[in-house]
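Down below is the structure, laid out as structure tokens.
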Amino acid sequence: MTSIQIHNLTKRFGDVVAVDNLSFEVAQGSITGFLGPNGAGKTTTLRMLLGLIGPTAGSSTIAGKPYQELVDPFRRVGAVLEATSFHPGRRARDHLRVLCVAAGLPVARADEVLDEVGLADVGDRRVKGFSLGMRQRLGLAAALLGEPEVLILDEPANGLDPEGVHWLRKFLRNYAGQGRSVLVSSHLLAEIAQTVDDVVIVAKGRLVTQSSLADLAGRTKPGVWVRTPQSQELGVALASKGITAELQSAETLVALETTTEAVGIAAAGAGVVIFEMTAQHFDLEEFFLDLTTSTTNLSTEGASQ
Amino acid sequence: MKNLIHAELLKLRTTRMIYGLALAALAFVPISAISAIAAAGKSGGGPALSTTEGIRNVMSASSSGALSVLIIGILMMAGEFRHNTATSTFLISPNRGRVVGAKLATSALVGAALALISSVLTLAVALPWLATKHIHVDIFSHNVGLVLLGGIAAVTIYAAVGVGVGSLIRNQTAAVVIALGWVLVVDNLLVSFVHEVGKWTPGGAAAALTGTSSGRFLPMWGGAVLFVAYGLAFAAAGTRFTLRRDVV
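Heads up: the sequence lines are chains C and F, in that order.
Okay, so the first sequence: first residue is -10 according to the working numbering, each after it adds one.
Okay, so the second sequence: first residue is 20 according to the working numbering, each after it adds one.
Written as structure tokens, this is what we have:
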């Protein structure tokens, strides 16, 4: 079942096209990572989804309806958009109570969510004394007040220490495990690679790819990096066994789509000396960088034509 | 709407800034009452205390907290953008007109409450002092009662006008500076030197309500209607043009 649907969404700010005909879906009960470099249009997309920014064209729905048409939206959708959306002089618990009252929720929820995000001890403190990590947690607490079935987070790991990031991952896993959906944006794939089921990758406001994380990993093929004084000979030996190799320098080459065993056997057969050999594992981060920068290059070429 | 108004009241109660402004609003009252009595009948002061005008002038001290109340109204709306709380406010109520409506109602409630206290304070300072001067004031008399009521109305509407200004000018600092600059400088100059224009300005309308210098201003009811119209027009224009803009 689809819980979030983005349909041909476009947003122009003057001459700048922040989001360019973007479409993707988030399945219910899954965690979807919304990835792209800074300035790719992630925040603009999320704010359009939540009715805070009016789209230039296209539409977006949550549970089949535009956000503005949801009944009790605060109980359906929780959102954490920026780390500092609090009055600095208001106590954390009071901030949450204000939201409870406005949304018609019992004020006791404030203490429950403070406990849930680990801020129970500092609920009486004014927010201006909070670290960025504490503000992120307070923002998350606010999003959880209505026990929403959809959670939307914009760069939630910003300002969190490693322990906080670990906590956030566990939290989101647990949340999606209850059949609820999470859409979480990030400019760092590694930050959320361990957490997400699906990824939506954008660059320059356009969709680069949407797939499951497993499919994405399957698209890159492993190789073997070799350092040898006889790189030419090894290249020939590998070619005779049908293995493609790329010479990187006089002393190093990379054998593509193969294993260390196959390279070792080929080298022994040809009498090639090997100084160093490493299997190259799939590097999601590098792949992500490749995907997003190639799109950037494409669009630059497009603009110059 | 009821929830939103309750939430607005809670917002006000949970920051210290508002207590400071409320305190400032109330502090102005005894100060202006005292100076009005002290200066009455002297050169450069108001009319003598023996005249009706003199008593009305003293009683108009009850609306001297109006500017602080105006700032409270501005902060209620523009503060949402300054501290990014507009995001969660609009997420809870995507209908931004309802948010403005709740803030108008809340600001008027707060303004009215402060104005009532101001009236009581004015009487508490003025009556005993005037009694020592053997001037008896009947607070239910047409003159005194009307000035106090007009003052309460003016302060109440000032708060709502503040919300209107804050929704029209989202930048909190700019909104406060422009509003104070207008009231303290432009409006004062117009009221003092260009009566025909001055009596139609927001400040002129408010002054008509407090009814101290009749003749130069609109009749009291006219001032009330005009001042309310200013507040609603600012709020409506703000809702229509400014608040609908993207919250980025």
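Where a beta carbon is used, it is the ideal one built from N, C-alpha and C, also for glycine.
A quick note: this is a predicted structure, and the numbers were derived from the prediction, not measured.
The continuous alpha helix (DSSP H) containing Ser220/C extends over residues 220 to 229. A residue is called buried once 16 or more other Cβ atoms fall within 10 Å of its Cβ, and Ile254/C, having fewer, is exposed.
Rounded to the nearest angstrom, the gap between the Cα atoms of Thr34/F and Gly78/C is 6 Å. Take Ala224/F, set aside five residues on each side of it, and the residues of its chain with a beta-carbon closer than 6 Å to its own are Gly242, Leu245, Phe246, in chain order. Counting only the Cα atoms, Arg124/C lies some 6 Å from Ala72/C. The alpha-carbon of Pro218/C is positioned some 28 Å away from that of Glu275/C.
Scanning its chain for C-beta atoms nearer than 7 Å, with the 5 sequence neighbours on each side dropped, one finds around Leu28/F the residues Thr125, in chain order. The alpha helix (DSSP H) runs of length 4 or more contained entirely in the segment 167 to 203 of chain C are, from start to end of the chain, 178 to 182.
Residues of chain C whose Cβ lies closer than 7 Å to the Cβ of Leu29/F are, in chain order, Arg86, Val87, Val90. In this structure, Ala227/F keeps its C-beta atom at 8 Å or more from the C-beta atom of Ile171/F. With contacts defined by Cβ atoms closer than 8 Å, Ala52/F and Val88/F do not form a contacting pair.
Near chain F, meaning a CB-to-CB distance below 7 Å, the residues of the segment 14 to 43 of chain C are Arg36, Leu39, Gly40, Leu41, Ile42, Gly43.
Looking at the DSSP output, Gln(-6)/C bridges to Glu14/C, Thr50/C. An exposed status is given to His270/C, since fewer than 16 other beta-carbon atoms sit within 10 Å of its beta-carbon. At a cut-off of 8 Å between beta carbons, Leu127/C makes no contact with chain F. Residues of chain F whose Cβ lies closer than 7 Å to the Cβ of Ala52/C do not exist; the shortest such Cβ separation is about 15 Å.
Each residue's CA atom was taken as its position, placing Asn190/F and Ala150/F some 48 Å apart. For Pro113/F, at least one C-beta of chain C is nearer than 8 Å to its own C-beta.
For Gly40/C, the CB contacts under 6 Å within the same chain, skipping 5 residues up- and downstream, are Tyr56, Gln57 in chain order. By the criterion of a C-beta distance shorter than 8 Å, Gly73/F is surrounded in its chain by Ala59, Gly60, Gly65, Pro66, Ala67, once the five residues flanking it on both sides are discounted. Per DSSP, the continuous alpha helix (DSSP H) segment holding Gly116/F begins and ends at 115 to 151. Ser200/C and Val196/F have their C-alpha atoms some 52 Å from each other. Pairing Thr198/C with Ile190/C gives a Cβ-Cβ distance under 8 Å. Using a CB distance below 9 Å, no part of the segment 138 to 153 of chain C faces chain F. Residue state for Trp240/F is assigned as helix, using DSSP reduced to three classes. Inter-residue distance for Arg1/C and Val266/F is about 14 Å (C-alpha atoms, whole angstroms).
Looking at the DSSP output, Glu235/C bridges to Val243/C.
In this structure, the alpha-carbon of Ala206/C lies about 55 Å from that of Gly92/F. Taking 8 Å as the Cβ-Cβ cut-off, the segment 80 to 111 of chain F approaches chain C at Gly98, His102, Asn103, Thr104, Thr106, Ser107, Thr108, Phe109, Leu110, Ile111, given in chain order.
Under the three-state reduction of DSSP, Ala7/C is assigned to strand.
The beta carbons of Val182/F and Met95/F sit about 6 Å from each other, so the pair counts as a contact at 8 Å. In this chain, Glu71/C is not harboured by any alpha helix (DSSP H), its DSSP state being neither H nor E.
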